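Enquirer:
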Amino acid sequence: PAAVLREAYREPDWLVPEIALEFALGPDRTVVRATLRVERNGGHREPLRLDGEDLALVGVRVDGRPAEHRYADGVLSIPLGGDTAEVETVVEISPNSNSQLMGLYESGGILCTQCEAEGFRRITFFPDRPDVLSSYKVRMTADKARYPVLLANGDPVAAGDAGEGRHWAEWHDPFPKPCYLFALVAGDLVANRDQFVTAGGKTVELGIWVREGDLAKTEHAMASLKAAMAWDERVYGREYDLGVFNIVAVSDFNFGAMENKGLNIFNSRYILADPDTATDADYDAIAGVVAHEYFHNWSGNRVTCRDWFQLSLKEGFTVFRDQQFSADQGSPAVKRIEDVRVLRAAQFPEDAGPLAHPVRPESYIEISNFYTATVYNKGAELIRMIHTILGPDKFRAGSDLYFERHDGEAATCEDFVAAMEDASGCDLSQFRLWYSQAGTPRVRADLTHHAGDGRAHLELAQELPSTPGQDQKKPMPIPLKVALFGELTGEKYADRLVVLEETAQEIVFEGIGERPILSINRDFSAPVVIESGRSADDLAFLSAQDDNPFARYEAMQQLMLDTLVAAVAGGKADHAAVIEAVRRTLEDERLDAAFVAEAVLLPTEAFIGDQMLVVDPEAIHAAREALRTDLGQELEPLWRSAYASTAANRFETSPSAKGARRLRTVALGYLMAAGAEDAAALALAQFEGADNMTDRQGALGMLSNSDAAERDRALDAFYARYRSNALVLDKWFSVQALSTRDDTAEAVERLAKHPDFTLANPNRMRALVGAFAANQRAFHQTDGRGYRFLAEMILAVDKLNPQTAARLVPPLGRWRRFDEARAALMQAELRRVVETKGLSKDVFEQASKSLG
Ligand code: B3K
Ligand code: ZN
Numbered sequence: 011p012a013a014v015l016r017e018a019y020r021e022p023d024w025l026v027p028e029i030a031l032e033f034a035l036g037p038d039r040t041v042v043r044a045t046l047r048v049e050r051n052g053g054h055r056e057p058l059r060l061d062g063e064d065l066a067l068v069g070v071r072v073d074g075r076p077a078e079h080r081y082a083d084g085v086l087s088i089p090l091g092g093d094t095a096e097v098e099t100v101v102e103i104s105p106n107s108n109s110q111l112m113g114l115y116e117s118g119g120i121l122c123t124q125c126e127a128e129g130f131r132r133i134t135f136f137p138d139r140p141d142v143l144s145s146y147k148v149r150m151t152a153d154k155a156r157y158p159v160l161l162a163n164g165d166p167v168a169a170g171d172a173g174e175g176r177h178w179a180e181w182h183d184p185f186p187k188p189c190y191l192f193a194l195v196a197g198d199l200v201a202n203r204d205q206f207v208t209a210g211g212k213t214v215e216l217g218i219w220v221r222e223g224d225l226a227k228t229e230h231a232m233a234s235l236k237a238a239m240a241w242d243e244r245v246y247g248r249e250y251d252l253g254v255f256n257i258v259a260v261s262d263f264n265f266g267a268m269e270n271k272g273l274n275i276f277n278s279r280y281i282l283a284d285p286d287t288a289t290d291a292d293y294d295a296i297a298g299v300v301a302h303e304y305f306h307n308w309s310g311n312r313v314t315c316r317d318w319f320q321l322s323l324k325e326g327f328t329v330f331r332d333q334q335f336s337a338d339q340g341s342p343a344v345k346r347i348e349d350v351r352v353l354r355a356a357q358f359p360e361d362a363g364p365l366a367h368p369v370r371p372e373s374y375i376e377i378s379n380f381y382t383a384t385v386y387n388k389g390a391e392l393i394r395m396i397h398t399i400l401g402p403d404k405f406r407a408g409s410d411l412y413f414e415r416h417d418g419e420a421a422t423c424e425d426f427v428a429a430m431e432d433a434s435g436c437d438l439s440q441f442r443l444w445y446s447q448a449g450t451p452r453v454r455a456d457l458t459h460h461a462g463d464g465r466a467h468l469e470l471a472q473e474l475p476s477t478p479g480q481d482q483k484k485p486m487p488i489p490l491k492v493a494l495f496g497e498l499t500g501e502k503y504a505d506r507l508v509v510l511e512e513t514a515q516e517i518v519f520e521g522i523g524e525r526p527i528l529s530i531n532r533d534f535s536a537p538v539v540i541e542s543g544r545s546a547d548d549l550a551f552l553s554a555q556d557d558n559p560f561a562r563y564e565a566m567q568q569l570m571l572d573t574l575v576a577a578v579a580g581g582k583a584d585h586a587a588v589i590e591a592v593r594r595t596l597e598d599e600r601l602d603a604a605f606v607a608e609a610v611l612l613p614t615e616a617f618i619g620d621q622m623l624v625v626d627p628e629a630i631h632a633a634r635e636a637l638r639t640d641l642g643q644e645l646e647p648l649w650r651s652a653y654a655s656t657a658a659n660r661f662e663t664s665p666s667a668k669g670a671r672r673l674r675t676v677a678l679g680y681l682m683a684a685g686a687e688d689a690a691a692l693a694l695a696q697f698e699g700a701d702n703m704t705d706r707q708g709a710l711g712m713l714s715n716s717d718a719a720e721r722d723r724a725l726d727a728f729y730a731r732y733r734s735n736a737l738v739l740d741k742w743f744s745v746q747a748l749s750t751r752d753d754t755a756e757a758v759e760r761l762a763k764h765p766d767f768t769l770a771n772p773n774r775m776r777a778l779v780g781a782f783a784a785n786q787r788a789f790h791q792t793d794g795r796g797y798r799f800l801a802e803m804i805l806a807v808d809k810l811n812p813q814t815a816a817r818l819v820p821p822l823g824r825w826r827r828f829d830e831a832r833a834a835l836m837q838a839e840l841r842r843v844v845e846t847k848g849l850s851k852d853v854f855e856q857a858s859k860s861l862g
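Going by full-length UniProt numbering, the sequence shown opens with residue 11, and the numbers climb by one from there.
Shown next, in the form of structure tokens:
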């Protein structure tokens with residue numbers, strides 16, 4: 011398969027200012043009639059070229075007459091004499107045989123669409139590229155009993171009876187949009203209805219559409235939507251622009267949700283929640299995703315992307331916006347900790363491996379493979395750095411200018427940066443390198459102090475590792491929030507933003523009469539790795555005293571990481587400093603429970619592995635468990651009192667109640683690690699007595715790691731209680747796939763044969779197979795059975811759903827980081843995948859690049 015290059019971008023030959031679509035909907039067969047008003051763009055003589063995939067062509071007419079055309083290799087070519095024409099095509103498609111979940115498909119009896127990035131071509135012939143913007147008129151006809159609700163983008167304009175048990179509805183979307191934002195839904199759905207009055211006084215009709223039995227689980231999503239609408243007005247000055255805003259939840263969906271204009275379609279896991287079935291983390295994720303998709307109405311829809319290389323223009327900016335929103339709704343410090351944890355778990359490894367690519371990629375074979383942590387999460391970090399460098403007011407001026415300048419257009423990342431520059435007067439020319447250079451910068455920071463002249467010298471040096479296709483890198487501007495604390499007095503001597511622009515730079519601080527301790531990259535102001543060589547004492551000091559909560563957390567993490575890496579390397583462990591630091595954190599009454607729970611958690615096995623040249627999963631696991639056991643035993647009374655003091659009364663969703671639940675399960679985990687005699691019984695009691703899913707799943711997770719008799723009892727009870735709820739059953743699969751037990755790989759193989767396991771549902775796939783691949787020790791079992799299992803799953807799923815299959819490939823691509831024996835086994839599986847006949851280009855791209 012051929013690669014598409016960013017440099018090869020050309021304007022479209024033909025524009026389509028208007029399209030009218032008529033759907034005769036049916037599950038086996040849907041007929042789509044599309045009428046396109048086309049206009050020649052520029053002085054060329056090219057035919058009209060329309061993309062199409064898996065379409066049965068019935069007929070083509072131009073200006074009302076049957077027309078000459080050629081359909082080959084996914085392109086319908088129609089020679090046109092004039093500069094404008096009305097082109098009509100009729101095609102047939104089959105929603106219920108569409109297992110890719112791209113285009114028009116069936117999910118649980120509902121007909122729905124997914125078009126981003128290139129799904130619209132599976133519905134009708136069209137120039138399927140984001141820089142062709144059209145206004146849409148849609149008419150749907152369908153069986154009235156089976157599909158009583160018919161929804162599309164924009165506003166409803168008319169509806170009626172079509173006879174023979176069928177009915178019709180028409181929707182018009184006045185805002186020109188690229189076809190990836192097209193959507194329709196037909197189904198037997200009910201709505202949670204509400205209203206939102208915009209700052210400008212317009213009433214918007216809101217609807218969250220679900221299957222009848224799920225209606226009671228839509229309250230949190232609705233509250234989140236209204237909060238997001240108000241927030242975007244307040245913080246970005248962005249008002250909603252249509253009279254209706256609908257959300258539909260479906261069970262089969264390739265990712266989280268989709269921002270179709272006026273008709274968002276969601277994976278039901280990001281809509282449905284009640285205390286009995288959703289954890290606090292699920293509630294937070296729902297609020298974040300509902301807000302994210304809503305925010306796209308401006309950052310993505312009103313201003314869209316010129317081409318798919320600009321994907322981070324909408325995704326990075328919108329992730330940053332949803333992160334800011336969630337931070338404002340709860341605890342900013344805890345939210346920042348969570349966001350950084352995701353970045354480190356998903357994006358840093360990507361940036362350090364064979365699939366590394368810049369935030370604005372240079373080429374792709376299959377664009378679906380580029381909805382990555384780099385484009386989304388590192389993209390959001392780039393926007394955050396601009397925010398930090400400019401400050402909030404100039405940043406807001408920049409975003410206002412960006413929206414004003416490009417409203418109704420398809421823009422580029424360059425347009426965004428230029429608007430930020432023009433509005434602020436700041437020069438961001440060097441900053442643009444962040445968009446084009448892949449890899450995670452490493453910053454070396456050395457602080458020296460001369461007692462004599464009261465000066466401290468901070469020497470900073472940056473290095474950007476080479477990545478596939480990029481050997482030579484230039485230094486980038488790295489905004490680092492830095493503070494200095496006096497070792498003896500605890501006084502804060504400096505607190506400022508340092509922007510490291512050169513390869514190496516020295517910063518001098520004056521008036522420091524005692525040895526200063528360095529606090530750097532506070533708030534994680536730049537997405538880099540800091541190498542500071544700070545001593546255990548200094549890290550312990552910061553973990554107890556830094557006034558920046560993120561820096562405090564970070565110091566503790568670094569202390570834990572240094573301890574664990576030393577233990578893995580030397581086999582000898584000195585746990586004293588960590589135990590002391592954790593003790594002080596647990597005893598600090600000024601800290602809230604949510605923060606404490608984050609701060610006392612050990613880094614994951616995968617993250618410890620990321621620090622090492624050659625990952626030794628067994629040694630890492632052993633070192634981490636040993637530290638957990640020591641922490642559990644040495645601080646047992648504190649864990650017990652944390653556990654007791656957070657004991658639930660009645661369920662509520664306040665931040666403090668959520669924090670208490672978080673700390674409770676963390677404390678339970680340490681009691682289990684300590685081998686406390688009553689720990690399993692405590693866990694079972696928590697499991698059985700819980701009035702909410704957070705406590706229940708928390709306890710189940712702890713039991714799932716253990717050999718206690720209570721384990722099977724809890725797993726069976728959980729299954730029996732929730733077997734008919736797919737979203738909760740996903741948790742049952744995940745909790746077992748994430749188990750730290752020795753027999754996890756075998757258990758996962760067995761679960762893949764469980765009657766409730768299916769390759770057809772992406773949530774279930776991720777719940778079992780995705781979770782297992784993230785379980786470092788189980789997945790990397792030395793006999794290679796984990797690798798074999800994953801390769802088999804990839805190949806099996808690829809036949810149904812290439813996007814979901816391709817997303818399972820990266821864990822095998824980490825082979826360079828493992829010992830020779832494991833690396834050989836992993837490569838062998840990748841080779842087996844690449845050599846399979848009939849492979850999708852999605853999996854081919856990921857697997858061949860992973861082999862390197
Ligand atoms: N824009 C969609 C993602 C589409 C993924 C296509 N493979 C959801 C989002 O980021 O908001
Ligand atoms: Zn998005």
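We treat Cβ as the ideally placed atom computed from N, Cα and C, and that holds for glycine. In this text the structure is predicted, and so the values were computed from the model without any measurement.
Quick check: what's the CA-CA separation for A283 versus R50?
Expert: Rounded to whole angstroms, A283 to R50 spans 49 Å at the Cα level.
Enquirer: Between which two residues does the alpha helix (DSSP H) holding Y190 run?
Expert: Run containing Y190: none; DSSP gives neither H nor E here.
Enquirer: According to the neighbour-count rule (16 or more other Cβ atoms, all chains shown, within 10 Å of its Cβ), is K484 buried or exposed?
Expert: Looking at its Cβ environment, which holds fewer than 16 other Cβ atoms inside 10 Å, K484 is exposed.
Enquirer: Is the distance from the Cβ of P368 to the Cβ of F380 below 7 Å?
Expert: Cβ atoms of P368 and F380: not closer than 7 Å.
Enquirer: Note the first and the last residue of the continuous beta strand (DSSP E) segment covering H230.
Expert: No beta strand (DSSP E) contains H230, which is instead part of the alpha helix (DSSP H) from E229 to Y246.
Enquirer: For the beta strand (DSSP E) holding T289, just list the boundary residues, first then last.
Expert: Note, T289: premise wrong, no beta strand (DSSP E); not H, not E.
Enquirer: Just verifying my parser: in three-state terms, what is the DSSP assignment at G862?
Expert: Coil at G862, not helix or strand.
Enquirer: Please report the straight-line C-alpha distance between P140 and S322, rounded to a whole angstrom.
Expert: Approximately 14 Å between the Cα atoms of the pair.
Enquirer: On the DSSP letters alone, give me the boundaries of the alpha helix (DSSP H) that R59 sits inside.
Expert: Not the alpha helix (DSSP H): R59 falls in the beta strand (DSSP E), residues L58 to D61.
Enquirer: Quick one: what does DSSP say H467 is sitting in, helix, strand or coil?
Expert: The answer is strand: DSSP assigns H467 an E or B state.
Enquirer: Between E56 and D23, is the Cβ-Cβ spacing less than 7 Å?
Expert: Taking 7 Å as the Cβ cut-off, E56 and D23 qualify as a contacting pair.
Enquirer: Pick from I540, E32 and A201: whose alpha carbon is nearest that of E229?
Expert: The candidate whose alpha carbon is nearest that of E229 is A201.
Enquirer: Check whether the segment 229–239 touches the segment 126–133, taking contact to mean three or more Cβ pairs, one atom from each stretch, closer than 8 Å.
Expert: Output reads no: the segment 126–133 does not touch the segment 229–239.
Enquirer: If I follow the unbroken beta strand (DSSP E) through V68, where does it start and stop?
Expert: Here the beta strand (DSSP E) through V68 covers A66 to V72.
Enquirer: What distance in whole Å lies between the Cβ atoms of K271 and residue 4, which are believed to be in contact at a cut-off of 8 Å?
Expert: A query on residue 4 cannot be resolved here, the shown segment of the chain reaching from 11 to 862 and no further.
Enquirer: With respect to 6 Å, is the separation between the Cβ of T314 and the closest non-hydrogen atom of the ligand ZN below this value?
Expert: Not so, every heavy atom of the ligand ZN lies at least 6 Å from the Cβ.
Enquirer: In whole angstroms, give me the CA-to-CA distance for D403 and H302.
Expert: Spanning the two alpha carbons is a distance of roughly 22 Å.
Enquirer: Below 8 Å on the Cβ atoms is my guess for V101 versus A77; work out the distance and round it to an integer in Å.
Expert: Their Cβ separation, rounded to whole angstroms, is 15 Å, which puts V101 and A77 out of contact at 8 Å.
Enquirer: In chain order, what residues place their C-beta within less than 6 Å of a heavy atom belonging to the ligand ZN?
Expert: Here the residues come out as H302, H306, E325 and T328.
Enquirer: Beta-carbon separation of R594 and A554 under 7 Å?
Expert: Yes, Cβ-Cβ distance for R594 and A554 is below 7 Å.
Enquirer: Smallest Cα separation from F828: which of R634, E180 and L623?
Expert: Per the Cα distances, L623.
Enquirer: Taking the beta carbon of Q205 as the centre, do at least 16 other beta carbons fall within 10 Å, making it buried, or is it exposed?
Expert: Flag for Q205 reads exposed.
Enquirer: Can you tell me the Cα-Cα spacing of V14 and D61, whole angstroms?
Expert: Each residue's Cα considered, the two are about 15 Å apart.
Enquirer: Quick one: is the Cβ of Y381 within less than 6 Å of any heavy atom of the ligand B3K?
Expert: Yes, Cβ of Y381 sits closer than 6 Å to a heavy atom of the ligand B3K.
Enquirer: If contact is defined by three or more beta carbon pairs under 8 Å, each pair taking one atom from either stretch, is the segment 373–390 in contact with the segment 838–853?
Expert: In short, these stretches touch, since the Cβ pair count reaches three.
Enquirer: Following the continuous beta strand (DSSP E) through E28, name the residue where it begins and the one where it ends.
Expert: Run containing E28: W24 to A34, per the beta strand (DSSP E) assignment.
Enquirer: Could you check if S378 belongs to the surroundings of the ligand B3K, using beta carbon to heavy atom distance under 6 Å?
Expert: Yes, Cβ of S378 sits closer than 6 Å to a heavy atom of the ligand B3K.
Enquirer: Is C436 helix, strand or coil by DSSP?
Expert: Coil at C436, not helix or strand.
Enquirer: Measure the alpha-carbon distance for Q472 versus S535 and round it to whole angstroms.
Expert: Rounded to the nearest angstrom, the two C-alpha atoms are 15 Å apart.
Enquirer: Spatial neighbours of R638 within its chain, please: C-beta separation below 6 Å, excluding the five flanking residues on both sides.
Expert: Same-chain partners within the cutoff: A683.
Enquirer: Apart from the five residues just before and just after A95, which ones in its own chain have a Cβ nearer than 7 Å to its Cβ?
Expert: So the list reads V48, V72 and D73, once near-sequence residues are dropped.
Enquirer: What runs of the alpha helix (DSSP H), each 4 residues or longer, lie entirely inside the segment 828–859?
Expert: 830–844, all fully within the segment 828–859.
Enquirer: On the three-state DSSP scale, how would you describe K404?
Expert: Looking at K404 - three-state DSSP - the assignment turns out to be helix.
Enquirer: Would you say the beta carbon of M268 is closer than 6 Å to some non-hydrogen atom of the ligand B3K?
Expert: M268 Cβ: within cutoff of the ligand B3K.
Enquirer: Name the two residues that bound the continuous beta strand (DSSP E) containing G619.
Expert: Not the beta strand (DSSP E): G619 falls in the alpha helix (DSSP H), residues E615 to D620.
Enquirer: Go ahead and pull the three-state DSSP assignment for D456.
Expert: It is a strand residue.
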